[in-house]
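What follows is a short report on a single structure.
In the working numbering, the protein residues as written are 289 to 539.
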């Protein structure tokens with residue numbers, strides 16, 4: 289996958305805009321208000337926008353979605369993940385959680401660029417620590433991160449970022465291929481894939497939107513923390529409302 293939080297850990301994320309204590313389960317994923325006793329389950333894949341460490345447990349999009357749909361929603365968001373890592377998350381984690389009725393994945397140019405770029409940045413410098421994906425003829429391929437061993441040796445608590453600043457021309461093709469493959473696997477598993485396009489806030493989603501049937505979050509005023517840039521309470525609720533509306537219309 290690249291990275292995840294230590295199992296059964298706590299982390300306080302605070303700034304002048306928020307102060308949030310987050311809890312992680314034995315697999316290293318956030319435990320928030322989305323987890324319920326419902327027999328119907330949504331696996332929610334994404335990056336820090338889904339992980340939502342800038343809002344309290346009961347105000348993440350996972351938690352609000354659980355209330356709106358009466359589903360058990362498992363937050364599988366991880367900071368700095370690209371679309372390829374979201375697909376890998378589903379493949380590796382689905383066996384550890386209740387069988388999904390829906391699988392949600394978020395996309396934007398931000399996430400697509402990460403998918404084709406293995407580079408992350410930290411105080412230790414630039415490291416190729418992310419599994420990158422590319423298309424070679426008819427094949428969807430994964431490139432192993434070359435600096436993985438060096439990345440693993442970083443001291444606990446060191447922060448890093450992975451937002452690619454360079455646009456890779458084939459990212460649309462790679463994104464399409466990954467989503468098509470994820471949808472195929474999710475369908476075999478007896479679930480439905482919901483693709484959420486966040487490009488209104490995080491760059492153009494590109495040509496793939498019409499091809500893969502993404503539902504789009506429209507521009508949302510005052511939905512993000514001004515300095516931090518992540519979604520605030522209102523933004524998380526808007527994402528949950530979008531997904532809940534889609535599920536209700538497509539029952």
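Quick reminder that beta carbons are idealized off the backbone N, C-alpha and C, glycines included.
C-beta atoms of residue i and residue j nearer than 9 Å
i           : j           : result
residue 487 : residue 362 : no
residue 531 : residue 474 : no
residue 463 : residue 371 : yes
residue 348 : residue 320 : yes
residue 393 : residue 482 : yes
residue 247 : residue 414 : This structure does not reach residue 247, given that the chain is present from 289 up to 539, and the question cannot be answered.
residue 389 : residue 502 : no
residue 417 : residue 513 : no
residue 318 : residue 310 : yes
residue 303 : residue 516 : yes
residue 382 : residue 477 : yes
Closest by C-alpha distance to residue i, when choosing among the options
i           : options               : result
residue 326 : 387, 441 and 401      : 387
residue 293 : 365, 351, 400 and 401 : 365
residue 433 : 515, 442, 421 and 506 : 421
residue 374 : 431, 517, 333 and 515 : 333
residue 465 : 426, 480, 477 and 431 : 426
residue 301 : 535, 537, 518 and 506 : 518
residue 439 : 468, 536, 406 and 360 : 406
residue 399 : 369, 523 and 383      : 369
residue 523 : 533, 534 and 510      : 510
residue 341 : 521, 295 and 359      : 521
residue 467 : 437, 506 and 403      : 403
residue 384 : 539, 528, 329 and 401 : 329
residue 354 : 534, 538 and 528      : 528
Nearest-angstrom Cβ-Cβ length linking residue i and residue j, presumed shorter than 8 Å
i           : j           : result
residue 350 : residue 316 : Not quite, the Cβ-Cβ distance comes to about 16 Å (not below 8 Å), so this is no contact.
residue 346 : residue 367 : 20 Å between Cβ atoms; not a contact.
residue 306 : residue 352 : Contact doesn't hold; Cβ gap of about 17 Å is too wide.
residue 376 : residue 419 : 7 Å
residue 428 : residue 391 : Going by Cβ atoms, the distance from residue 428 to residue 391 rounds to 18 Å, so no, they are not a contact pair.
residue 536 : residue 508 : Incorrect: roughly 20 Å between the Cβ atoms, too far for contact.
Residues bridged to residue i [DSSP beta-bridge criterion]
i           : result
residue 420 : 431
residue 362 : 331
residue 504 : 485
residue 512 : 519
residue 395 : 485
residue 480 : 390
residue 408 : 415
### Task
Quick one: which unbroken alpha helix (DSSP H) runs of 4-plus residues sit fully inside the segment 290-348? Chain order, please.
336-339
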